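Chemist: Quick one: the structure is below, questions incoming.
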Amino acid sequence: AQNLWDLESQVEMAMDALRCPPGDMPVDNLSGGERRRVALCRLLLSQPDLLLLDEPTNHLDAETIAWLEKHLREYPGSVLMVTHDRYFLDNVTGWILELDRGRGIPYEGNYTAYLDAKAKRMQQEGREEAARQRAIARESEWIASSPKARQAKSKARIKAYDELVKSANDRRPGDAQIVIPAGERLGDNVITVEGISKGYGDKLLIDGLSFKLPAGGIVGVIGPNGAGKTTLFRMITGQEKPDTGSVDVGDTVQLSYVDQSRDALDGAKTVWEEISGGNDILKLGKHEVNSRAYCSAFNFKGGDQQQKVGTLSGGQRNRVHLA
């Protein structure tokens, strides 16, 4: 009986900490975020020897993430996680495994320690790459100018040159260089919200909210799950109407919305089709760019642009949606 009581107590505490929906709610009625929190709660309570966590902080608010950090630091087993949350990595991990151009490179320490160690490694690789390029230039000049390059005894030197070039190409990282051109000049009114309220049934999410977003302003909206953050965005974009008050978007303002579900993507289209709309030239603000070059800026290069959106990973879908 005591063990049963302890189990029920642990379940209740974990569900409360992870902001899970009521225990009697059918799973079929849950949102994607609620399902994810329920699955995470069940996994943590099972206490396996090895926890494999793929983006565990998705759909979690700041207070819940803090609880999860503490839980994982005290976890008796091993934990292997994939996450883009740098602060979470800093607060939880004791090792970092970097996957880089087909190699796995381990670093002892948290994310901050990893950044320091990687900076030193990149400096060393930079020196090695400079020496490699000098050797390639020297050998290239020899091959171009020397008749001996055509002789059988020089084949070993030519082969060594080819290996040197291949090594240099293999080490060249494929970093994305995202460039967002400036849009049209914004007027005095970007977004003005006055006295809005919004609720569903007996639940009041937003009550008398007013604010004005200045031109060039960058604002982070924080709050616990269910506080109305997504609802606020949906009212700004016109997908929902406030119960009271008004949302005024400036006449010169063009809105782009990257939502958390990525439902707007068409899985049957290729990456290029979804981003470009089938157009060879894209207009970005006052600039025109080649659509395939634009896709490349988001690290979709060559054949990657012909992948179907439905086959992409979560991170790749995010890049498509952002593009």
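Read in order, the letters of the sequence shown correspond to residues 165 to 487 in the numbering used here.
Using N, Cα and C, we set each Cβ at its ideal position, and we do this for glycine too.
As the structure is a computational prediction, the values presented were derived from the model and not from experiment.
Taking DSSP as the reference, what is the three-state secondary structure of valine 413?
Modeler: In this structure, valine 413 counts as strand in the three-state DSSP scheme.
Chemist: Below 7 Å CB to CB, which residues in the same chain sit around threonine 228 once its five sequence neighbours on both sides are set aside?
Modeler: Around threonine 228: Ala181, Leu182 and Arg183.
Chemist: Hey, out of Arg200, Cys459 and Ala379, whose CA is closest to asparagine 389's CA?
Modeler: The shortest C-alpha separation from asparagine 389 is found at Arg200.
Chemist: Excluding sequence positions up to five away, which residues of its chain have a Cβ less than 7 Å from the Cβ of leucine 209?
Modeler: Taken in chain order, the residues that qualify are Gln174, Val175 and Ala178.
Chemist: If we call anything under 7 Å between Cβ atoms a contact, is leucine 369 one with threonine 395?
Modeler: Yes, Cβ-Cβ distance for leucine 369 and threonine 395 is below 7 Å.
Chemist: Return the Cβ separation of proline 406 and serine 361 in integer angstroms, given the expectation that the two are a contact with Cβ distance under 8 Å.
Modeler: Right, the Cβ-Cβ distance comes to about 6 Å (below 8 Å), so this counts as a contact.
Chemist: Please state whether DSSP places valine 202 in a helix, a strand or coil.
Modeler: Residue state, collapsed to three classes: helix.
Chemist: Under DSSP, the beta strand (DSSP E) around aspartate 370 begins and ends at which residues?
Modeler: The amino acid occupying residue 370 in the given sequence is isoleucine; aspartate does not appear at that position. Taken as a continuous stretch (DSSP letters only), the beta strand (DSSP E) holding isoleucine 370 covers 367-377.
Chemist: Check the C-beta distance from leucine 446 over to valine 453 and give it rounded, since I have them as a contact under 8 Å.
Modeler: Going by Cβ atoms, the distance from leucine 446 to valine 453 rounds to 5 Å, so yes, they are a contact pair.
Chemist: CA-CA distance, serine 440 and alanine 487?
Modeler: Whole-angstrom Cα-Cα distance: 9 Å.
Chemist: How long is the line joining the alpha carbons of aspartate 264 and tyrosine 271, rounded to whole angstroms?
Modeler: If I take the Cα positions, the gap works out to 13 Å.
Chemist: Spatial neighbours of serine 242 within its chain, please: CB distance less than 6 Å, with the 5 preceding and 5 following residues excluded, ordered by chain position.
Modeler: Counting only Cβ-Cβ distances below 6 Å, and skipping sequence neighbours, we find Leu214.
Chemist: Taking only three categories from DSSP, how would you classify glycine 479?
Modeler: Correct three-state label for glycine 479: helix.
Chemist: Rank Tyr458, Phe252 and Tyr275 by C-alpha distance to the C-alpha of glutamate 262 and give the top, closest one.
Modeler: Nearest of Tyr458, Phe252 and Tyr275 to glutamate 262, Cα basis: Tyr275.
Chemist: Could you pull out every residue in the same chain whose Cβ sits closer than 8 Å to the Cβ of valine 246, ignoring the five residues on either side in sequence?
Modeler: So the qualifying residues of the chain are Leu217, Asp218 and Glu219.
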